[in-house]
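So my numbering is basically just the index in the sequence shown, starting at one, shifted up by 8. Glycine is no exception: its CB is placed at the ideal position from the N, C-alpha and C atoms. Right, one structure below, let's go through it.
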Amino acid sequence: MRRPHPYLYISCFANDFIFAYAFYTVLFSLRGLSTMEISALLAFWALSLAIFEVPTGALADYLGRKRVVAISPLVKSLCFVTWYFARGDALLYGLGFLFWGLAEALQSGSWEALVYDSLKARGEQDTYEKINAAGC
């Protein structure tokens, strides 16, 4: 078995290595949002992810998995740009979470399928579980 391409692990790491994960709820609170508003935003993020899951899978079939996976970080960056300009506006934070949900939906199934297809092309599809267990 050959080693998986390092870019697989680098991409997994870079996709979720965002310092805001540790403190974005505190940031929202400091910007004047109530605990209820923050909870509603987090629920909205989960709902948007669920709603976008099927359409983004169809988009990946149409455009190709590589393109959809490449678009995902760009859409996620729109979340943080929107948050920067939100300045306490819960609706703009919601728009940011909408972008984040879309980005996660773009990445979710397409990434796993892309990894599996690349392993299958190398005749190593039986190693998929091991690679996927590494957190990618």
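Own chain, CB closer than 8 Å to residue i, minus 5 neighbours either side, in chain order
| i | result |
| --- | --- |
| G96 | R39, G40 and L41 |
Member of the options whose CA lies at the smallest distance from the CA of residue i
| i | options | result |
| --- | --- | --- |
| G109 | Y29, A22, W53 and L127 | W53 |
| N23 | L50, L122, D125 and E112 | E112 |
| S47 | S85, Y32 and Q133 | Y32 |
For residue i, the three-state DSSP class (helix, strand or coil)
| i | result |
| --- | --- |
| L55 | helix |
| F31 | helix |
| E112 | helix |
| I139 | helix |
| G131 | coil |
| I18 | helix |
| F105 | helix |
| F25 | coil |
Spatial neighbours of residue i in its chain, beta-carbon cut-off 7 Å, leaving aside the 5 residues before and after
| i | result |
| --- | --- |
| W91 | Y101 and G104 |
| A28 | F88 |
| A58 | none |
| I79 | L114 |
| V83 | F107, L110, A111 and L114 |
| F60 | G109, L110 and A113 |
| S118 | A68, R73, V76 and V77 |
6 Å Cβ shell around residue i - same chain, five flanking residues per side excluded
| i | result |
| --- | --- |
| S56 | L106 and G109 |
| E45 | A98 |
Quiz prompt | Continuous alpha helix (DSSP H) assignments of at least 4 residues falling wholly in the stretch 40-98 | solution = 43-71 and 73-94
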